[in-house]
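Under UniProt numbering, the very last position in the sequence shown is 292; numbers go up by exactly one each time. Structure first, then comments.
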Amino acid sequence: MAEPLIPSETLTSFHNFITSSNCKTILALLGAGLSSASGLPTFRGSGGYWRHYNSIDLATPDAFERDPGLVWQFYSYRRHMALAAKPNAGHQALAQLSHNDKINFLTITQNVDGLSQRANHNSQKLIELHGSLFCLKCTNFTCSYRDPANFNDPLTESLDASSLVHDKDNLEDLPFLSDDKLPHCPLCETGLLRPGVVWFGESLSWVNVDKTDEFMMRNHVDLMLVIGTSGLVWPAASYIDIVKNQGGKVAVFNIEKDDTDTESWQFIGDCSKTLPMALKPLIDQVNLSSEL
Ligand SMILES: [Zn+2]
Numbered sequence: 001m002a003e004p005l006i007p008s009e010t011l012t013s014f015h016n017f018i019t020s021s022n023c024k025t026i027l028a029l030l031g032a033g034l035s036s037a038s039g040l041p042t043f044r045g046s047g048g049y050w051r052h053y054n055s056i057d058l059a060t061p062d063a064f065e066r067d068p069g070l071v072w073q074f075y076s077y078r079r080h081m082a083l084a085a086k087p088n089a090g091h092q093a094l095a096q097l098s099h100n101d102k103i104n105f106l107t108i109t110q111n112v113d114g115l116s117q118r119a120n121h122n123s124q125k126l127i128e129l130h131g132s133l134f135c136l137k138c139t140n141f142t143c144s145y146r147d148p149a150n151f152n153d154p155l156t157e158s159l160d161a162s163s164l165v166h167d168k169d170n171l172e173d174l175p176f177l178s179d180d181k182l183p184h185c186p187l188c189e190t191g192l193l194r195p196g197v198v199w200f201g202e203s204l205s206w207v208n209v210d211k212t213d214e215f216m217m218r219n220h221v222d223l224m225l226v227i228g229t230s231g232l233v234w235p236a237a238s239y240i241d242i243v244k245n246q247g248g249k250v251a252v253f254n255i256e257k258d259d260t261d262t263e264s265w266q267f268i269g270d271c272s273k274t275l276p277m278a279l280k281p282l283i284d285q286v287n288l289s290s291e292l
């Protein structure tokens, strides 16, 4: 007989905790592993190539200044792929939890693909720490135009990404696109729009960082869910430390087991499968309340 995805003692101990009166506040941190489960490449870190371009050379303010057409073709491709992907059962489980009024809940996502949003996650309980592919911002310093959710595809005729492929062996250069082929700001009419994602070398939005800090200061986080992310990089590492120092518990959802971590619950495997199983008791509460 095949081994169950989650050992029953792990599942029972986790379910006992999340249904107890000791678990009122939950913080979830999402990373690339959850997007991968929906079939999306993430282009971060080493090996982050798109065609023959290194994503680090495309995801910077300098790159945009040098060749906005090239950067826009990369992001148009990513918008197109994210729209073609579907939120998976892991996104849906978290979205349902965000509608459970008995739990004080916040999701911080490091993903920019909009899949949590499209799974109907409560927007008041969702922080897109690295921004969103579907947010557009004006590059004109004197203009504050920002469109938080633009799902148009393509954004301009020249940015039709349906023929662009993700193939790092494809050495063919992309066509040069002059500024008049790119999306412009409807407010000031002169500024180019740019993707509202946090590029390498840029700071995180202070609004988002403050919102997270406020949630962590106001509440004692009883449980932190670390999903599809190594938990070693900032800010993940600092949030986990704070929760642990305050006596909170940690549950890790990842592909590989961390043998050095003996304190956390570890759910190993595809997080689109493990998350719904782990969160089932809290999700069932949502279904019940919506039927009443
Ligand atoms: Zn503008």
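Quick reminder that beta carbons are idealized off the backbone N, C-alpha and C, glycines included. All figures in this text were calculated on a predicted structure; none of them were measured in a lab.
Just verifying my parser: in three-state terms, what is the DSSP assignment at residue 246?
When secondary structure is reduced to three states using DSSP, residue 246 falls in the coil class, being assigned neither helix nor strand.
Looking at the secondary structure, which residues open and close the beta strand (DSSP E) in which residue 196 lies?
Unbroken beta strand (DSSP E) run through residue 196: 193 to 197.
Segments of 3+ residues assigned as beta strand (DSSP E) that fall wholly inside the region 47 to 77:
Fully enclosed beta strand (DSSP E) runs of 3 or longer: not present.
Based on Cα-Cα distance, which residue from 72, 242 and 141 lies nearest to residue 222?
Comparing alpha-carbon positions, the option among 72, 242 and 141 lying closest to residue 222 turns out to be 242.
Neighbourhood of residue 121 by C-beta, 8 Å cutoff - its chain only, sequence neighbours within 5 removed
Around residue 121: 91, 94, 95, 98 and 107.
By Cβ distance below 6 Å, which residues in the same chain neighbour residue 260 in space, the five residues on each side in sequence not counted?
Excluding positions up to five away in sequence, the list is empty.
Range covered by the alpha helix (DSSP H) that runs through residue 90:
That run of the alpha helix (DSSP H) goes 89 to 97.
Among the residues of its own chain, which have a CB less than 7 Å from the CB of residue 57, if the five just before and after it don't count?
The answer, listed in chain order, is 63.
Taking the beta carbon of residue 217 as the centre, do at least 16 other beta carbons fall within 10 Å, making it buried, or is it exposed?
By the neighbour-count rule (16 or more Cβ atoms within 10 Å), residue 217 is not buried but exposed.
Helix, strand or coil: which one does DSSP assign to residue 221?
Here residue 221 sits in coil by DSSP.
Which of the three DSSP states, helix, strand or coil, is assigned to residue 134?
Secondary structure of residue 134 (DSSP, three-state): strand.
Output yes or no for whether 8 Å exceeds the beta carbon distance between residue 153 and residue 79.
A contact, by the Cβ cut-off of 8 Å.
Verify the CB distance criterion: does residue 15 have a CB-CB separation below 8 Å to chain B?
Annotation note: the requested chain B is absent from the structure, which comprises a single protein chain.
Under 7 Å from any heavy atom of ligand 1, does the C-beta of residue 135 make it?
Outside the cutoff, so no.
According to DSSP, is residue 234 part of a helix, a strand, or is it coil?
In the structure shown, residue 234 sits in coil (DSSP, three-state: anything other than H, G, I, E or B).
Could you name the residues whose beta carbon sits closer than 6 Å to any heavy atom belonging to ligand 1, keeping them in chain order?
Spelled out in chain order, the answer is 138, 140, 143, 145, 185, 187, 188 and 191.
Taking the alpha-carbon positions, what's the residue 164 to residue 264 distance?
CA-to-CA, the gap between residue 164 and residue 264 works out to about 42 Å.
Cα-Cα separation, residue 175 to residue 205:
Near 33 Å, if we compare the C-alpha coordinates of residue 205 and residue 175.
Return the first residue and the last residue of the beta strand (DSSP E) that residue 10 is part of.
It is not in any beta strand (DSSP E) - residue 10 instead sits in the alpha helix (DSSP H) that spans 8 to 18.
Quick check on this structure: which residue in 278, 267, 36 and 252 has the alpha carbon closest to the alpha carbon of residue 29?
The option with the nearest alpha carbon to residue 29 is 252.
Span separating the alpha-carbon of residue 281 from that of residue 112:
Looking at the backbone, the Cα of residue 281 and that of residue 112 are separated by about 28 Å.
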